[in-house]
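Following: one structure in structure tokens, then a few remarks.
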Amino acid sequence: VFVLCYMLAAPIFGYLGDRYDRKIILGAGIFFWSAVTLGSSFLTELYCWMFFLSRGLVGIGSASYSTVAPTMIADLFEEGKRTTMLSIFYIFIPVGSGLGYVLAAGMAELTGDWHWAFRITPCMGALALVLLILLVPRRTQRRTAFHRALSISGTIRVKAEKPGGQGAAKTTWCQDVLSLAKNWSFVWSSLGLTAMAFVTGALGMWVPLFLYRAEVVQGLVSPCLQETCNSSNSLIFGGITIGTGILGVITGAEAARRLRKINNKADPLICATSMFVSALCLYIALMVAQTNIIATFLFIALGELFLSVNWAVVTDILLYVVTPRRQSTAIALQILVSHLLGDAGSPYLLGTISSAIQAKHPHSVQWSFWSMQYSFILCAFLGVCGGGFFFLTSFYIEEDRKEAER
1 VFVLCYMLAA PIFGYLGDRY DRKIILGAGI FFWSAVTLGS SFLTELYCWM FFLSRGLVGI
61 GSASYSTVAP TMIADLFEEG KRTTMLSIFY IFIPVGSGLG YVLAAGMAEL TGDWHWAFRI
121 TPCMGALALV LLILLVPRRT QRRTAFHRAL SISGTIRVKA EKPGGQGAAK TTWCQDVLSL
181 AKNWSFVWSS LGLTAMAFVT GALGMWVPLF LYRAEVVQGL VSPCLQETCN SSNSLIFGGI
241 TIGTGILGVI TGAEAARRLR KINNKADPLI CATSMFVSAL CLYIALMVAQ TNIIATFLFI
301 ALGELFLSVN WAVVTDILLY VVTPRRQSTA IALQILVSHL LGDAGSPYLL GTISSAIQAK
361 HPHSVQWSFW SMQYSFILCA FLGVCGGGFF FLTSFYIEED RKEAER
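Residue numbers (full-length UniProt numbering): 1 to 406.
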């Protein structure tokens, strides 16, 4: 419910973000999802349908933030700092996810009531709202495309657009979408991001179970016949995800900052290389899982590390190949496509493939492991496809960047 509403609401806020005061949109979104989260903590089992509805409303509030915040960061910081600030922004996505689990579990254990898990989160939202009001300028001026363009020397400085000037949004939403569809750098990089989201969603859902089945096959643990089994794999994988997410984003941003000084196509080539390496690491992890669990953990961590390299770099690509008056719409469409074709369906698809394979063979511990192993090969294949999409981006990025400048 959350992902569905998040996807569908993103284009709406993208349209609003390109045309109206973005600080108000951000503040309203933070207040809205915080209030809904707090309200959902008072629901009882008799109103479980309202709980599902509240998750959808939280998705709407989150969409208002995700589509607008990157464009404001791009306008607040010059070229030399933009990628760094975007990397910090994306670092806090895995950090926030991890803290959510920790704080929620801690409050539930401390109070003995799981409802308090939904009462601590709005406090963080209130803090974010206060910081937004105090620290972010009332009206963040939208920069011209020249300001966003990559400079080999990093010294391009162009004045911000004046309100009502040539850069103001005067096109319809349909015209914006058609223009973005003709922007091949945006199209190919969005498809690359979709491949990233597909792999990320599948790994997050099924890797702990895959590791457990690998341990069973190796004889490290006994098969569990209960519906829920205690395993440390989820906790370990969660730690790996947070650690590799932080390190990967920092590494990607620093690599982009250094390499773009010597190659104008550095950003998409970094993304392509990291996707190819990530796919290779994930494939090796699948192949060694039956014999060496330590190596499996290691190569999964490396796969996630290289997968995380791209998060800030992909957004930076969008910010200089798309004209500023269409950037919120572009981010919104990228969110819609990457979730719709990526992590929204990849867990279900891999689960279906695994179940189909297992149904055609005798039920055994071995085939329980093999069925999931074979289904995970799709992730490695999609990783290679994602690398190809980013490589195609490199053929168009200079032309589209110049078009955005014009």
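We treat Cβ as the ideally placed atom computed from N, Cα and C, and that holds for glycine.
task = Jot down the residue ranges of each uninterrupted alpha helix (DSSP H) in the stretch 288-363, minimum 4 residues, whole runs only, in chain order.
result = For the stretch 288-363, the full-length alpha helix (DSSP H) segments reaching 4 residues or more read 293-308, 310-321, 327-338 and 346-359 along the chain.
ask   = Smallest Cα separation from GLY278: which of SER354, ILE133, PHE381 and LEU392?
value = Reading off the sequence shown, one finds Ser at residue 278, where the question assumed Gly. Nearest option by C-alpha distance: PHE381.
ask   = Is GLU254 buried or exposed, if buried means 16 or more other CB atoms sit within 10 Å of its CB?
value = exposed
query = Exposed or buried, MET7, counting other C-beta atoms within 10 Å across all chains shown (16 or more means buried)?
reply = buried
ask   = Measuring CB to CB, does ASP343 end up less than 8 Å from THR200?
value = yes
query = Which value, in whole angstroms, describes the spacing of the CA atoms of ALA74 and PRO362?
reply = 56 Å
query = Thinking C-beta only, is GLY27 closer than 8 Å to THR67?
reply = no
query = Could you check where the alpha helix (DSSP H) with PHE118 kicks off and where it finishes?
reply = 117-135
key: Assumed close pair ALA256, ILE246 - CB separation to whole angstroms, cut-off 8 Å   = Between ILE246 and ALA256 the Cβ distance is about 16 Å, and since that is not below 8 Å, they are no contact.
task = Note down the Cα distance separating ALA272 from SER338, rounded to an integer number of angstroms.
result = 17 Å
ask   = Does the beta-carbon distance from GLN290 to ALA404 come in below 8 Å?
value = No. Outside cutoff.
query = Rounded to a whole number of angstroms, what is the C-alpha to C-alpha distance between SER190 and GLN334?
reply = Just so you know, the alpha carbons of SER190 and GLN334 end up roughly 6 Å apart.
ask   = Does the beta-carbon distance from GLY248 to LEU305 come in below 8 Å?
value = yes
inquiry  = Using 8 Å for Cβ pairs, my map puts MET205 next to GLY387. What's the rounded Cβ distance?
reply    = With a Cβ gap of about 22 Å, MET205 and GLY387 do not count as contacting.
key: Opening and closing residue of the alpha helix (DSSP H) in which ASN183 lies   = Under the DSSP assignment, ASN183 falls outside any alpha helix (DSSP H); it carries neither an H nor an E label.
task = Let me know the secondary structure DSSP gives TYR20 once reduced to three states.
result = The three-state reading of DSSP puts TYR20 in coil, since its state is none of H, G, I, E or B.
message = Going by beta-carbon coordinates alone, are PHE2 and VAL58 separated by less than 8 Å?
response = yes
ask   = Looking at ALA202 and PRO347, is the spacing between their C-beta atoms short of 8 Å?
value = yes
query = Nearest-angstrom Cα distance between GLY112 and CYS48?
reply = 20 Å
message = Quick check: LEU34 and ALA126, are their CB atoms within less than 8 Å of each other?
response = For clarity, residue 34 is Ser in the given sequence; the question names Leu instead. Yes, Cβ-Cβ distance for SER34 and ALA126 is below 8 Å.
key: C-beta atoms of GLU251 and PRO70 nearer than 8 Å   = The sequence as given places Thr at residue 251; Glu does not occur at that position. Result no, Cβ atoms of THR251 and PRO70 do not sit closer than 8 Å.
inquiry  = My assumption, with CB atoms under 8 Å, is that ALA312 sits in contact with SER87. Please give the rounded CB distance.
reply    = Indeed they touch by this definition, with Cβ atoms about 4 Å apart.
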